[in-house]
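Everything below concerns the one structure shown next.
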Amino acid sequence: MYIKYIQVLRSIEQCYDQFVHPQKRRLLKQLLEAIIGRLLEIKHEMVKLELSEYHYFDDILVDLKLTPNDVEIPIPKYFIFDNFRMLKDREHFLDQLLGGGEPTEGEVFNHTVCFIAATET
Numbered sequence: 002m003y004i005k006y007i008q009v010l011r012s013i014e015q016c017y018d019q020f021v022h023p024q025k026r027r028l029l030k031q032l033l034e035a036i037i038g039r040l041l042e043i044k045h046e047m048v049k050l051e052l053s054e055y056h057y058f059d060d061i062l063v064d065l066k067l068t069p070n071d072v073e074i075p076i077p078k079y080f081i082f083d084n085f086r087m088l089k090d091r092e093h094f095l096d097q098l099l100g101g102g103e104p105t106e107g108e109v110f111n112h113t114v115c116f117i118a119a120t121e122t
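Residues in the sequence shown are numbered consecutively from 2, following our numbering.
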């Protein structure tokens, strides 16, 4: 069932990426988030049952004629594109912190506001 959910996730994510209509994209985004939530629930149950974080699907992959790449869970593209600006700002902020350059007060404030806004949604 876990592998089937991954296959459904990959196909719905591909559909979401190709749709132009905003209403359909919104619906597919909700569907993707529901599928990801269900995958997390199943993974948690598998960890509880097997007492291991690692699961071996070799026999199932052979039966379904799939490769290990087919069961790799992709990061949905909407997650990257919707949060692109925030991710770039965070990367710039961390570069300044780790590079030894002091960030300006405005940059710290902007980063803090973006972080708070992201956690509230």
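Positions of the beta carbon are idealized from the N, C-alpha and C atoms, including for glycine.
Exercise for review: Just list the alpha helix (DSSP H) runs in the stretch 27–109, keeping only unbroken ones of 4 residues or longer that don't cross its boundaries, in chain order.
Suggested key: The DSSP assignment places complete alpha helix (DSSP H) segments of no fewer than 4 residues inside the stretch 27–109 at 59–65, 78–83 and 85–100, in order along the chain.
Check your understanding: For H22, does the three-state DSSP call read helix, strand or coil?
Key -> coil
Exercise for review: Using the Cα positions of I4 and E73, report the straight-line distance between them to the nearest angstrom.
Suggested key: Roughly 9 angstroms separates the two Cα atoms.
Practice item. Going by CA-CA distance only, name the one from L98, I81, R86 and R11 that's closest to I37. Key: R11
**Study point:** Closest by C-alpha distance to Q15, when choosing among G100, P77 and L95
**Key:** Measuring C-alpha to C-alpha distances from Q15 to each of G100, P77 and L95 identifies P77 as the nearest.
**Study point:** Nearest-angstrom beta carbon gap, Y79 and Y6 [assumed within contact, 8 angstroms]
**Key:** Rounded, the Cβ-Cβ distance is 18 angstroms, inconsistent with contact.
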